[in-house]
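A short write-up of the structure that comes next.
In this note's numbering, the protein residues as written are 34 to 191.
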């Protein structure tokens, strides 16, 4: 039986997308439009957090004894940029940095009580965000999408 042809959605204004339909970057950019708008509505505007700050908080919440170096590597950002972001989160009293008990040369990053409470709230909000963004695809499609994106992001070093 021949594969079912998927109807390609058209852009607002009914423009032909041409060769861009075969470009991953184009599809990722188009998919980022609703995800960015949803993030802005649920997280950025009410909590004044950008995507990197949100990611930092969530990674700290999920990992004990997290150092700035490990965090910068996980986010693929320079340590100097991470320092600026951690300074902002510290100013908002969401995170703290303290010398490691095991190695005094190393700092551990952790959430404050306020930061922990916020991440719990944000975890619930992300469920609503995901539901809103992914309501047009099945559970199997969602699983496949995430699996494929993980494969792509695994080899993110250029």
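Yeah, the Cβ is synthetic: ideal placement off N, Cα and C, and Gly gets one too.
{"Query": "Starting from the N-terminal side, write out each stretch of the beta strand (DSSP E) that is 3 residues or longer and does not extend beyond the segment 87-145.", "Result": "128-132, 140-144"}
{"Query": "Taking just the CA atoms, how far does residue 181 sit from residue 99?", "Result": "27 Å"}
{"Query": "Measuring only the C-alpha atoms, how far is residue 122 from residue 153?", "Result": "16 Å"}
{"Query": "Once you ignore the five residues that flank residue 87 on each side, which residues in its own chain have a CB closer than 6 Å to its CB?", "Result": "76"}
{"Query": "Using beta-carbon positions only, say whether residue 129 and residue 143 come within less than 7 Å of one another.", "Result": "yes"}
{"Query": "Let me check understanding here. Comparing Cα to Cα, which of 50, 80, 137, 63 lies closest to residue 158?", "Result": "80"}
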